[in-house]
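Take the sequence shown: its letters are residues 223 to 590, numbered as in my numbering.
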Amino acid sequence: MARERLPARGCGDLRRCLLAAALLLGLRLCAELGRARPGVPAGSAPPGRAPRQPRLHLPSGPASGPPRGASRRQVTYVRSGRRAPPGGGGRGTPEPGCCAPRGRASRKGPRWHIDLQPWAGPSQSLEEEAVRFLRYISTPQIACAHMSTDGLVTGSSPIQKPWSVCLDDQFGLAHQIRSKQCRLYSLGLGSEDTHFEVSMANGGCEVHRFDPSVRSAHVLESQRLWHHRLSIDWRDPHPAVAAPKTHSSTRKLGTILNDFGHHKIDVLKADLESAEWKVLENLILEDILEQIGQLVFEIHLHWAGFEVSGSDSSAVRFWYSLLKELELKGFRLFHSYKDLSKPQLFLKRDSFNASSCYTLSWVNMRWK
Ligand SMILES: *[C@@H]1O[C@H](CO)[C@@H](O)[C@H](O)[C@H]1NC(C)=O
């Protein structure tokens, strides 16, 4: 029937004709298969690929592809044809070969959400989530022999400082510092304490400190210490909002990297007062993490954080899932600092022997 619809004339272009013919042949094959499949006794055919199943390959000649109408028609056909055989073989396994819509599951596209880890326990209780999470953030995953706990001055202060980077040779940071190739980004919100940044700059790192409370847009304080009046968000400002303001002060880290022409950050330090969870999520979803060598994050646990919604137990599960994504991307926790000077509160509760504030340091094992 389809053949009758083929216009007898108007095929001046031979290539188009051949293309259409090939498509029609493919469609006929599909139809034949669709009809034949219900007859196959269930279970007789292996659930995987049937060897004699013919495949439809869209003609890929010098022409850019099938005519639009044809390709749309084909997709529609596939849908209806698939529904026709009731439960024909291999539920759940994608049917290979003929008629599979092409390019549907492109592997590398934008991600819109992180993968949540399973609940810590069957009751999905806060207790279970909290215990798992707190154990996780308190357990270093690798040892770091040369840890700088006070910028780059080691052993100068008896007080343990939270901001720790790992200077073991295998991780490359020490080498980057020696060759003056080191770059530190520091994300903050009005913090007065720039001890770590100053120390890293003096040690040889190019330091970019982002803080919305900085006096002017870009200030070079010393040879290697920049202050930028910018704050890091997990989304760029809406264009309609941003347009009237000539210099919007909020940006995603990926956007800043692009704007500055920076491809790598040796150390990313962040103290974002509960915005760290959404920022971390953004870094994961946009694959920014692979550009970062070491992460030093202050995390805040006295409440769920900006734009983290849901029950308390689901918030903790979300935090945990974020950190597991870090692990999946090759980051290993080498230092955990529990801040006993801050309120000892966990989601407004005085329980689990937890602090509201920890500083965690990770090293990217895939960093080159
Ligand atoms: C509570 O935390 C403190 C500080 O981390 C630790 O020294 C102490 O052993 C913990 N107490 C219990 C009961 O786990």
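A virtual CB, placed ideally from N, CA and C, is assigned to each residue, including glycine.
Give me, in chain order, the residues of the same chain whose beta-carbon lies closer than 7 Å to that of residue i; leave out the 5 immediate sequence neighbours on both sides.
i: His449; result: Arg431, Asp433, Val436, Val441 and Glu443
i: Leu562; result: Ser577
i: Arg554; result: Gln363, Ile364, Trp584, Val585 and Met587
i: Trp589; result: Phe393, Gly394 and Gly515
i: Leu356; result: Phe574 and Ala576
i: Arg295; result: Confidence at Arg295 is low in this model, with a pLDDT of 34, below 50, so the placement of that residue should be treated as unreliable; the coordinate-derived value is given next. Excluding positions up to five away in sequence, the list is empty.
i: Thr468; result: Any answer about Thr468 is weak, because its pLDDT of 48 lies below 50 and its placement is not dependable; what the coordinates show is given next. Cβ within range, chain order: n/a, list empty.
i: Ser183; result: Past the edges of the chain, shown from 223 to 590, lies residue 183, and the structure says nothing about it.
i: Glu508; result: Gly476
i: Asp458; result: Arg473, Lys474 and Thr477
If you drop the 5 nearest sequence neighbours on each side, which residues of the same chain put their C-beta closer than 6 Å to that of residue i?
i: Leu569; result: Asp534
i: Cys366; result: Cys388, Asp390 and Phe556
i: Phe393; result: Val585
i: Trp456; result: Lys500, Val501 and Asn504
i: Leu348; result: Asp534 and Ser535
i: Lys560; result: Ser577 and Tyr580
i: Val518; result: Trp385, Lys491 and Ser583
Would you please state the rounded distance, in angstroms, between the beta carbons of residue i and residue j? I believe it to be under 8 Å.
i: Leu411; j: Val429; result: Rounded, the Cβ-Cβ distance is 17 Å, inconsistent with contact.
i: His524; j: Leu567; result: 5 Å
i: Ile454; j: Leu475; result: 5 Å
i: Arg539; j: Leu406; result: Their Cβ separation, rounded to whole angstroms, is 32 Å, which puts Arg539 and Leu406 out of contact at 8 Å.
i: Leu548; j: Lys491; result: With a Cβ gap of about 15 Å, Leu548 and Lys491 do not count as contacting.
i: Gln513; j: Lys486; result: 5 Å
Does DSSP put residue i in a helix, in a strand, or in coil?
i: Trp334; result: coil
i: Gln516; result: strand
i: Asn575; result: coil
i: Ala423; result: helix
i: Asp481; result: helix
i: Leu582; result: strand
i: Leu555; result: strand
i: Arg588; result: coil
i: Ile506; result: helix
i: Gln398; result: helix
i: Lys546; result: helix
i: Leu523; result: coil
i: Glu351; result: helix
i: Asp534; result: helix
i: Val436; result: coil
i: Ile364; result: coil
i: Phe393; result: helix
i: Phe528; result: coil
Can you tell me whether residue i is buried or exposed, with buried defined as 16 or more other CB within 10 angstroms of its CB?
i: Phe482; result: exposed
i: Glu498; result: buried
i: Pro384; result: buried
i: Tyr580; result: buried
i: Leu550; result: exposed
i: Arg473; result: buried
i: Asp488; result: buried
i: Asp493; result: buried
i: Glu419; result: buried
i: Gly532; result: exposed
i: Ala333; result: According to the sequence displayed, residue 333 carries Arg and not Ala. Arg333 comes out exposed.
i: Trp414; result: Trp is not the amino acid found at residue 414; the sequence shown has Glu there. It is exposed - the Cβ of Glu414 has fewer than 16 other Cβ atoms within 10 Å.
i: Ala439; result: exposed
i: Ser421; result: buried
i: Gly425; result: buried
From the DSSP output, which residues share a beta bridge with residue i?
i: Ile454; result: Arg473
i: Asp388; result: It is worth fixing the name first, because residue 388 is Cys in this sequence and not Asp. Paired residue(s): Met369.
i: Lys491; result: Ser408 and Val518
i: Glu428; result: Arg405
i: Trp448; result: His430 and Leu442
i: Phe568; result: Arg571
i: Lys560; result: Tyr580
Who are the near neighbours of residue i in its chain, counting only those whose CB is closer than 8 Å to its CB and skipping five residues on each side?
i: Phe528; result: Ser496, Ala497, Trp499 and Lys500
i: Ile510; result: Leu475, Gly476, Leu479 and Asn504
i: Leu544; result: Ile336, Trp499, Leu502, Glu503 and Ile506
i: Ser471; result: Pro434, Arg451, Leu452 and Ser453
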